[in-house]
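>
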Amino acid sequence: MNVRRLAAVDMYGSRGTTRRRWIILAEFLVGVVVMVTWGSWLLSSSNDLGGRAFGLWLTGAGLNYAPLSAYALMLMRRGALDAELTGVDINRELRRYTVLQLWVFVPLSLVVFTVRDTMARRNNSLTP
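Right under this line is the structure:
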């Protein structure tokens, strides 16, 4: 799972319009802010286990939007999205990532994937 590619494919969609890029960026930013805020509020204000469990899940799932937001902001630079998707079969990737984006619902999964990929890139760049 490549979170940067997920953000890129989602931002591009089937036609790569500028409007879609802005909508997806807004979705990612609103997702992290609203879900983490609401989840934190539920964690602190709920008296029952179910409310706290939902708050914990909501916070963890909301944090998945943080790396998506960061990548989307990077990909908004002129030419960055096109460079990321150069040589990529967009239709195939859309089908693939439509299913893989369900990882957003697994708390902290995209955060873990991002950290894993960052560490792997760092280790590869240090190896002579």
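Here the sequence shown is numbered in my numbering, starting from 1 and rising by one per residue.
Ideal Cβ placement from N, Cα and C applies to all residues, glycine included.
In whole angstroms, what separates the C-alpha of R4 from that of Y65?
Numbered from its first residue, the sequence shown carries residue 4 at position 4. Numbered from its first residue, the sequence shown carries residue 65 at position 65. Whole-angstrom Cα-Cα distance: 12 angstroms.
> The alpha helix (DSSP H) with F113 in it runs from where to where?
If you number the sequence shown from 1, residue 113 lands on position 113. Residues 109–126.
> Would you mind reading off the limits of the alpha helix (DSSP H) that contains S45?
In the sequence shown, residue 45 corresponds to position 45, counting from 1. Counting along the chain, the alpha helix (DSSP H) containing S45 begins and ends at 18–45.
> Would you report the Cα separation of L151 and L110, rounded to the nearest angstrom?
There is no way to answer for residue 151, as the model of the chain reaches only from 1 to 128.
> Distance, Cα to Cα, A80 vs M74?
Taking the sequence shown and counting its residues from 1, one reaches residue 80 at position 80. Taking the sequence shown and counting its residues from 1, one reaches residue 74 at position 74. Those two C-alpha atoms are separated by around 7 angstroms.
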